[in-house]
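Residue numbers (the working numbering): 1238 to 1906. From the three backbone atoms N, C-alpha and C, an ideal C-beta is built for every residue, glycine too.
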Amino acid sequence: MPMYRLFTLALVLLLVSCEQNPNKLELSSPDSGNQIIFELINGKLYYSVLREDEVLIAPSRLGMKMFGGKDLMAGFTLTEHATRSFHEVWSPVWGENEQITESYNELSVSLENETGRKLQLIFRAFDDGVAFRYVIPQRDSTEQIIIMDEYTEFNFSEDFTSWSIPANFDSYEFLYRKLPLSQLENANTPLTMKSASGKYLSIHEAHLENYAEMTLVRGNDSLTFISALAPASKGYKVKRLDTVSTPWRTIMLAESAGKLIESNLIVNLNPPSMLEETDWITPMKYVGIWWELHLGISTWMQGDRHGATTKNMQKYIDFASAHQIQGVLAEGWNTGWENWGDSGAFSFYTPYSDFDLAALSVYAAERGVSLIGHHETGGDAISYEAQLDSAFAYYDSMGVHAVKTGYAGGIRPKGETHHGQFMVNHHRKVMEAAAKHKLMIDAHEPVKCTGEHRTYPNYMTREGARGMEWNAWSDGNPPSHTCTLPFTRCLAGPLDYTPGIFDVLLLNQKDKRVAWNGNYDQTSIHSTIANQLALMLVIYSPLQMAADLPENYEGHPALAWIEALPVNFSQSKVLEAEIGEYVTIARKQGDNWYVAGIANEQGHYSNIDFDFLDLGADYEGIMYKDSANGDGLTNPLALQIDTLSIEDHDRLAVRMAPGGGFALRLIKQ
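#1: Leaving out the 5 sequence neighbours to the left and right, which residues in its chain are closer than 7 Å to glutamate 1263 when beta-carbon positions are compared?
#2: Between the C-alpha atoms of serine 1717 and aspartate 1828, what's the straight-line distance to the nearest angstrom?
#3: Within a Cβ cutoff of 7 Å, which residues of the same chain sit near aspartate 1748, ignoring the five residues on either side of it in sequence?
#4: Under a three-way DSSP split, which group does glycine 1701 fall into?
#5: What are the boundary residues of the alpha helix (DSSP H) that asparagine 1708 is part of?
#6: Who pairs with tyrosine 1371 in a beta bridge, going by DSSP?
#7: Classify phenylalanine 1908 as helix, strand or coil using the three-state DSSP reduction.
#8: Who are alanine 1814's beta bridge partners in DSSP?
#9: To the nearest angstrom, report how far apart asparagine 1708 and valine 1346 are at their CA atoms.
#10: Are the segment 1807-1814 and the segment 1475-1486 in contact at 8 Å, needing three or more beta carbon pairs?
#11: Taking 8 Å as the threshold, find out whether the segment 1293-1311 comes into contact with the segment 1381-1398 through three or more Cβ pairs.
#12: For glutamine 1759, count neighbouring C-beta atoms within 10 Å of its own C-beta (all shown protein chains included) and say buried if the count is 16 or more, exposed if not.
#13: Can alanine 1311 and glycine 1280 be called in contact, C-beta distance under 7 Å?
#14: Unbroken beta strand (DSSP E) runs of length 3 or more, entirely within the segment 1496-1559: which are they?
#15: Measuring only the C-alpha atoms, how far is glutamate 1349 from leucine 1277?
#16: Could you work out which residue in Leu1453, Asn1789 and Ile1518 is closest to leucine 1673 when comparing CA atoms only?
#17: Check proline 1403 in the structure and name its three-state DSSP category.
#18: Using the C-alpha atoms, what's the distance from isoleucine 1799 back to tyrosine 1856?
#19: State the DSSP-derived secondary structure class of glutamine 1272, mapped to helix, strand or coil.
#20: Looking only at C-alpha atoms, which of Gly1896, Ile1878, Leu1852 and Asn1872 sits nearest to glutamate 1884?
#21: Using DSSP with H/G/I as helix, E/B as strand and the rest coil, what is tryptophan 1574?
#22: Quick one, which of Tyr1621, Glu1613 and Ser1634 has its alpha-carbon nearest glycine 1643's?
#23: Under the three-state reduction of DSSP, which class applies to proline 1296: helix, strand or coil?
#24: Apart from the five residues just before and just after phenylalanine 1659, which ones in its own chain have a Cβ nearer than 7 Å to its Cβ?
#25: To which residues of the same chain is serine 1580 closer than 6 Å at the C-beta, ignoring the five residues directly before and after it?
#26: Between the Cα of valine 1640 and the Cα atoms of Trp1574, Gly1688, Ala1567 and Gly1646, which residue gives the shortest distance?
#27: Determine the DSSP secondary structure at serine 1627, reduced to helix, strand or coil.
#28: The alpha helix (DSSP H) spanning tryptophan 1798 covers which residue range?
#29: Is DSSP giving valine 1684 helix, strand or coil here?
#30: Under the rule that 16 or more other beta-carbon atoms within 10 Å means buried, what is lysine 1474, buried or exposed?
#31: Determine the contact status of leucine 1676 and methionine 1635, defining contact as a CB-CB distance below 7 Å.
#32: Quick check on the DSSP output: the beta strand (DSSP E) that includes asparagine 1857 runs from which residue to which?
#33: In this structure, does DSSP put alanine 1752 in helix, strand or coil?
#34: So, is tyrosine 1284 buried or exposed, given that buried needs 16 or more other C-beta atoms within 10 angstroms?
#35: Using beta-carbon positions only, say whether glycine 1647 and glycine 1616 come within less than 7 Å of one another.
#36: Quick check on this structure: which residue in Ile1440, Glu1818 and Leu1722 has the alpha carbon closest to the alpha carbon of tyrosine 1777?
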C-alpha cells in the first residue's frame, strides 16, 4: 500500500507587507516547547533556538557564498513573511511504527539584498525539533546558480558534551568520539550533544537532493561551528540550473536520550512516497556469504576459494528456507573483481562460470527464498550509470528484487567525492531506476541517510557507519560504539550493521584461528552472544542480516530468536537509554512484543517496566541473556535462556554484562 494521508489541517498563509513586519520573528512548536527565532540585524541574517526557554543555539549567522560576487550574506531587507500550521498522520510502507504524526508550525521569510537577489528562508518547528532551509529563486530559465560555500552557523550556548565522527567527504566508517564541543575540530552529522541541564540535541540534515552533504567545522569561537559542504571536482560545492531548495538543516531536541531515538523529524521533512504501487516492497531477514568473505574463508573473485558458487549459494538457500529467513545475498557473482580499479571493470549482467543465476533463482523460489543481488562498483559511478537500466532489467528478469550496492574505492569521474553533489544525484538515479524495475536497495559506502526512504521506500537501508566487518580484520568495534550508533547514525535512518555473529571468538576463521586464552585477540567481536541477538532489534533495518555462517547457527538454541524476529513493526518504544552506555527498545508486531537491550564495556542493570503491554493480558516470555558469569571481554559465550510469565504490571531486573545484552520475546496468551 502506498503512503496515504489520514487527515490534514493547514492554515491559510497570511502575507504581511515589509512595513508591518518586525525584524525579529518567533516560531514555536505546536506544544510550545521549542522555539526558533529569526532576526535581521543591520542587513544580516541570524537565527537562534530554544528548548523550554533555554537557549541552546545562540544567535547564529545564515548566508551563502556565491560564484561571481553574488554573495547572500548581507544587505538584506525583509519584504514579507508568512505563517502556517500543518498536521497529518501518515502510514509508512514499512518501519518501526505503523503510523507517524507530522505536525509543525512554519514561518516563511522573503528577503532581498542590495543587489536585487531574492532569498527565502523557511523555518519549521516540531515538538521533536526545528528545521530550516534556504530557497534561492532562479532569475530566469538560463541562470546557473553556483554555490561556493554555505555559511550556516551553529553558535552553541555552552560547552555541550558531544558524540560524533570526524568530517570526511569519502567515508563514515569511524569510531564515535565523546568530547566537549570545545575539543572538537570538525564533525560529520548527526552531531549529537547533551547540555549541562540534561537536554539533548542533534544536528543533521533532511531531504538531501541535488546538493552536497553538509559537515561541520569549528569557526572562530570554540563553540561555533559552520557548515562545510562536500566539494565538486570543479571547485564549487553546488551547481544548479533551477531554483535551489537546500536540504533542511535539522536540530532534534529532546528531554531524554530515548526521545531522540523516537523522533521522526528527519523522515517528516521529506516528501511523501513517489511510488504508486508498493506491494512488491518486502522487509526481510537475510543471510549470505558476506561474512565468510571478510573472514578470508572465501574470495569475491573466481578461483579455488570462490564464495559465490552455485553449490555454496544452494547451501545458504537451504539454511534460509529451513529457518524462516527470507533472503540470501550473493556477493562476487559477476565478472570484474579481478580487474578492480580499472575503468569499466565490472559487468553487472555477466556471471562467473561457476555461478548459475537462472538456476539459483528457480532453486530459491521453490524453497520460498528470495535472492538478493550485489552490484559493487569500486567507486566507478560513471560505468555503473551506463549499465544501470540494463543491469536492473536483468535482475528483474531473473526474479531478483533486492540488490546491495557498493562504492568501495575512489569515485569516477576523478575529482568527485563520495558525498558531493555528483554522488547525491547518482544515488537518486539509482533509487528511481530501482523503483522502475521494482528493486529494493541496500546501499553500502553511501551518501548518508537524510530520510529519502519516505519518498522512495524501495531505498530501504544503507551502511554509512563502521559496521560489523571491522570486527573481522581490525581491532574491532568496542561495545560503546554500538551503544552510540542508535543516538547518532541511526537517527538519520535504517542502518545495515549486519549483526548476529554467534562465533564471537572467530574460531572458524580459515588460516588464522584465534588463540583463546580468556582475553580477546585483536580480531574478536567484543560482545556476548546475547548482545549480538539484541543488536538485531536495537539497530533497526527493514533488510536485517543474520551475518554469521550457517554452521555457526545450526543446532544453537539462540537461533530461535532469529527465526521468530520480525523486521517490520507496528509500534516501537525506547524503555531506557543513555548515549554510549546502554539502550533498551521494545517493538511490537501483531499481538507480540520483542524487547532487547545492549550495554557498553561497563555493563548495565536494567529494571524493565512492562506497562506498555496490553492491560490485563498474559504473555509467555522467552529470554536470552548473559549468564551470571557472562562477560563480553572474558566470557562471551555464556548464554542463559529462560521461560517467563509476564503481565503489564510486572517489572523485571536484567543484568547486561560488559559488552552484553538481552533479547526477550513476549508471546501474548
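If we stick to the structure as given:
#1: Gln1272 and Ile1274
#2: 33 Å
#3: Low confidence applies here, because aspartate 1748 scores a pLDDT of 44, under 50, leaving its location unreliable and the question unanswered by this model.
#4: coil
#5: 1707-1710
#6: Leu1358
#7: Because the chain spans 1238 through 1906 in this model, residue 1908 falls outside it and cannot be assessed.
#8: Val1820
#9: 49 Å
#10: no
#11: yes
#12: Note that glutamine 1759 scores 48 on pLDDT, short of 50, meaning its location in the model is unreliable; the coordinates nonetheless yield the value given after this. Exposed, since its Cβ has fewer than 16 Cβ neighbours within 10 Å.
#13: yes
#14: 1521-1525
#15: 12 Å
#16: Correcting the residue type first, residue 1673 is lysine in the shown sequence and not leucine. Ranking Leu1453, Asn1789 and Ile1518 by Cα distance to lysine 1673 puts Ile1518 first.
#17: coil
#18: 19 Å
#19: strand
#20: Leu1852
#21: helix
#22: Glu1613
#23: Residue state, collapsed to three classes: strand.
#24: Ala1469 and Glu1653
#25: For serine 1580, same chain residues with a beta-carbon under 6 Å away, outside a window of 5 residues either side, do not exist.
#26: For valine 1640, the nearest C-alpha among the options comes from Ala1567.
#27: helix
#28: 1796-1801
#29: coil
#30: Lysine 1474 is buried by the Cβ-count criterion.
#31: no
#32: Per the sequence presented here, residue 1857 reads as glutamate, with asparagine not at that position. Its beta strand (DSSP E) spans residues 1855-1863.
#33: Residue confidence for alanine 1752 is low, a pLDDT of 39 falling below 50, so the modelled location carries little weight; the figure read from the coordinates is stated next. It is coil, neither helix nor strand.
#34: buried
#35: Going by C-beta atoms, glycine 1647 is nearer than 7 Å to glycine 1616.
#36: Leu1722
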